[in-house]
Each structure stands twice: as C-alpha cells, then as structure tokens.
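Going by the working numbering, the first residue of the sequence shown is number 202, and it counts up by one from there. Using N, Cα and C, we set each Cβ at its ideal position, and we do this for glycine too. The block underneath contains the structure these notes are about, expressed in structure tokens.
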Amino acid sequence: MNIVTDHISIATKGDCDIVDITSDVQSAVETSGLRHGNVLVFVAGSTAGVTTIEFEPGLLKDLPELFEKIAPRN
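In structure tokens, the structure reads:
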C-alpha cells in the first residue's frame with residue numbers, strides 16, 4: 202500500500218468564510234500519481250471545519266445563517 206502525504210494552505214477571512222477546496226484536493230490527488238485509494242482531508246484548528254456539501258450560491262447565504270441560529274455571536 203502506498204501512502205502520499207501532502208498539504209494545502211488556505212487563507213480565509215474568518216467570520217464563517219466558506220472556501221471551496223475541491224480543485225485543490227483534486228490537483229493534489231492528480232499530482233500524487235496514485236490511481237486508486239482514499240483521500241483524508243483534515244483541518245487543524247478548533248474553529249475551522251471541513252464538510253462535504255454541494256458548493257452552490259445558496260450555501261453562501263444559508264450556512265452562515267444556520268450557524269448564527271445554533272451558535273449566535275452574542
């Protein structure tokens with residue numbers, strides 16, 4: 202079994218900034234030379250997160266509103 206480790210650095214604006222990393226992950230997989238396997242995406246930090254969700258325009262409005270409902274700033 203081959204294992205390839207890589208990293209992607211992403212800068213965010215904070216405050217529920219949503220970044221689509223699909224193309225970055227896809228590029229890392231293509232560069233790895235591997236043809237079959239799994240990809241693990243991990244984010245270091247207690248206030249960051251990774252999710253698998255369809256990245257579409259409504260998401261940019263809906264997700265921050267959801268977080269405000271479940272964990273209001275105040």
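Pick helix, strand or coil for residue i, following the three-state DSSP scheme.
i: Thr248; result: coil
i: Ser224; result: helix
i: Asp263; result: helix
i: Phe256; result: coil
How long is the line joining the alpha carbons of residue i and residue j, rounded to whole angstroms?
i: Val240; j: Gly246; result: 19 Å
i: Met202; j: His208; result: 20 Å
i: Leu267; j: Val244; result: 21 Å
i: Leu261; j: Arg274; result: 18 Å
Would you mind working out which of the options sits nearest residue i, comparing C-alpha positions?
i: Ser233; options: Ala272, Gly215, Val205; result: Val205
i: Ser224; options: Met202, Asp218, Phe256; result: Phe256
i: Val220; options: Val230, Gly238, Pro265; result: Pro265
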